[in-house]
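Q:
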Amino acid sequence: MAGREIGAVRYKVAALAVVLAVIGWFVGGNWLTARSERQAGLEWAAEAGAAVVARAPDPQIARVVSIQSWDSKTKACGWIDLGAGLGIVPFAVLNISPPYVVLPVPSNDSTEAWAHAVFTKELALRHCFLDQPPTPAGYIETPLVDDPLKALWSEGGPDWAIIPVPRDAGYVAVARRRGGGAIISPVMETVAQAEAWSLGEGRAYAEAENAKGRAHMAAFDACLARHPRGDPERERC
Numbered sequence: 316m317a318g319r320e321i322g323a324v325r326y327k328v329a330a331l332a333v334v335l336a337v338i339g340w341f342v343g344g345n346w347l348t349a350r351s352e353r354q355a356g357l358e359w360a361a362e363a364g365a366a367v368v369a370r371a372p373d374p375q376i377a378r379v380v381s382i383q384s385w386d387s388k389t390k391a392c393g394w395i396d397l398g399a400g401l402g403i404v405p406f407a408v409l410n411i412s413p414p415y416v417v418l419p420v421p422s423n424d425s426t427e428a429w430a431h432a433v434f435t436k437e438l439a440l441r442h443c444f445l446d447q448p449p450t451p452a453g454y455i456e457t458p459l460v461d462d463p464l465k466a467l468w469s470e471g472g473p474d475w476a477i478i479p480v481p482r483d484a485g486y487v488a489v490a491r492r493r494g495g496g497a498i499i500s501p502v503m504e505t506v507a508q509a510e511a512w513s514l515g516e517g518r519a520y521a522e523a524e525n526a527k528g529r530a531h532m533a534a535f536d537a538c539l540a541r542h543p544r545g546d547p548e549r550e551r552c
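Numbering (our numbering), first residue to last: 316 to 552.
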């Protein structure tokens with residue numbers, strides 16, 4: 316009787332040891348996997364941050380304020396201080412090899428350059444959406460410009476945003492271009508004139524620009540297909 320009891324105890328102890336070993340393997344494996352994923356995320360964030368700084372007008376003075384990457388396989392989001400009076404702007408970096416940087420660079424060289432910059436700012440925020448780090452101190456919001464542009468990405472939103480241009484020079488109509496970028500109207504004196512342009516001449520202009528955008532994206536996709544990741548020629552796409 317005693318021998319059977321001892322055997323039963325030994326069996327239970329051995330079974331418990333097996334269970335604990337399995338649990339240890341599972342927990343340890345998950346911990347190593349999580350650690351590896353965190354490390355990959357840190358490495359991707361560093362690569363993305365370097366790519367953003369390299370695209371800044373003056374990489375020597377540009378400084379990443381904050382950056383985060385919830386998924387190292389898709390994108391990194393953050394804020395960068397461009398320096399030289401250009402201020403703090405949001406950015407998005409898409410991991411498509413080579414990294415695709417969405418970085419608005421404020422410009423007063425022309426109304427078109429300015430409009431492209433404010434459009435790109437909203438595009439960067441749209442790419443990141445809930446993944447964007449908190450807005451840093453020093454970022455200047457411009458709701459009269461930002462809110463109409465933001466609506467372009469809303470479900471059922473307008474095709475065109477009418478926004479005021481700097482120094483009360485008038486208004487421009489802005490639309491999303493197929494394949495990326497913005498379609499921008501000439502400067503109009505009033506909101507009504509900008510709206511009328513978007514419904515008339517602007518409609519035909521947008522159709523032509525969208526056709527160019529679709530052709531560009533088709534060529535881009537074909538180039539990526541010809542040059543897989545690791546191919547140096549891929550960066551020329």
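Beta carbons are placed, not taken as given, at the ideal position from N, Cα and C, and that holds for glycine. For clarity, every value in this text was computed on a predicted model and none was experimentally measured.
Less than 6 angstroms between C-beta atoms, sequence neighbours within five positions excluded: which residues of the same chain meet that for Ala490?
A: To locate residue 490, count along the sequence shown from 1; it is residue 175. These residues qualify, in order along the chain: Asp474, Trp475, Ile498, Ala521.
Q: May I ask which residues mark the beginning and end of the beta strand (DSSP E) holding Tyr415?
A: Along the sequence shown, read from residue 1 onward, the residue named residue 415 stands at position 100. Tyr415 -> beta strand (DSSP E) spans 415 to 417.
Q: How long is the line joining the alpha carbons of Trp346 and Leu409, rounded to whole angstroms?
A: By 1-based counting over the sequence shown, the position of residue 346 is 31. By 1-based counting over the sequence shown, the position of residue 409 is 94. Caution is warranted here: a pLDDT of 41 is assigned to Trp346, below 50, making its placement in the model unreliable, and the coordinate value is therefore given only provisionally. So the alpha carbons of these two residues sit roughly 27 angstroms apart.
Q: Just how far apart, CA to CA, sit Glu524 and Arg482?
A: The residue given as residue 524 occupies position 209 in the sequence shown. The residue given as residue 482 occupies position 167 in the sequence shown. Approximately 28 angstroms between the Cα atoms of the pair.
Q: Can the beta-carbon of Gly393 be found less than 8 angstroms from the beta-carbon of Phe406?
A: Taking the sequence shown and counting its residues from 1, one reaches residue 393 at position 78. Taking the sequence shown and counting its residues from 1, one reaches residue 406 at position 91. Yes, these two residues count as a Cβ contact at 8 angstroms.
Q: Would you report the Cα separation of Asp546 and Ser384, rounded to the nearest angstrom?
A: The residue you call residue 546 lines up with position 231 of the sequence shown. The residue you call residue 384 lines up with position 69 of the sequence shown. The alpha-carbon atoms of Asp546 and Ser384 are separated by roughly 25 angstroms.
Q: I'd like the list of long-range same chain contacts for Gly344, defined as Cβ closer than 8 angstroms, with 5 residues on each side in sequence excluded.
A: For the purposes of this step, residue 344 is identified with residue 29 of the sequence shown, where counting begins at 1. Low confidence applies to Gly344: its pLDDT is 47, below 50, so where it sits in the model is not reliable, and the reading given next is rough at best. Nothing listed; no residue qualifies.
Q: What is the C-beta distance between Ala466 and Ala488, in whole angstroms, given that I count them as a contact (C-beta under 8 angstroms)?
A: Position 151 of the sequence shown holds residue 466. Position 173 of the sequence shown holds residue 488. About 13 angstroms; that fails the 8 angstroms criterion.
Q: Would you mind working out which of Glu550, Arg529, Ala530 sits nearest Leu539, comparing C-alpha positions?
A: The count along the sequence shown starts at 1 and reaches residue 539 at position 224. Ranking Glu550, Arg529, Ala530 by Cα distance to Leu539 puts Glu550 first.
Q: State the start and end residues of the unbroken alpha helix (DSSP H) segment that holds Phe434.
A: As a first step, residue 434 must be located in the sequence shown, where it is residue number 119. Note, Phe434: alpha helix (DSSP H), 426 to 443.
Q: Where does Ala377 fall in DSSP's three states?
A: Here residue 377 is taken as the residue at index 62 of the sequence shown, counted from 1. Looking at Ala377 - three-state DSSP - the assignment turns out to be coil, as it is neither helix nor strand.
Q: Rounding to the nearest angstrom, what Cα-Cα distance links His453 and Ala361 in this structure?
A: Taking the first residue of the sequence shown as 1, we reach residue 453 at position 138. Taking the first residue of the sequence shown as 1, we reach residue 361 at position 46. According to the sequence shown, residue 453 is Gly rather than His. If you take the alpha carbons of Gly453 and Ala361, they lie about 23 angstroms apart.
Q: How far does the alpha helix (DSSP H) with Tyr520 in it extend, from its first residue to its last?
A: Locating residue 520 in the sequence shown gives position 205, counting from the first residue. Element bounds for Tyr520: 516 to 541.
Q: Could you tell me if Thr435 is buried or exposed, where buried requires 16 or more neighbouring beta carbons within 10 angstroms of its beta carbon?
A: The residue you call residue 435 lines up with position 120 of the sequence shown. Buried.
Q: Are Leu464 and Val433 close, meaning C-beta to C-beta below 8 angstroms?
A: To locate residue 464, count along the sequence shown from 1; it is residue 149. To locate residue 433, count along the sequence shown from 1; it is residue 118. Yes, they are a contact pair.
Q: Per the contact definition of three or more C-beta pairs closer than 8 angstroms, is the region 502 to 516 in contact with the region 438 to 455?
A: Contact fails: fewer than three Cβ-Cβ distances are below 8 angstroms.
Q: Since Arg459 is in the alpha helix (DSSP H), which residue starts that stretch and which ends it?
A: By 1-based counting over the sequence shown, the position of residue 459 is 144. Before going on, a small fix: residue 459 reads as Leu here, not Arg. Here the alpha helix (DSSP H) through Leu459 covers 458 to 465.
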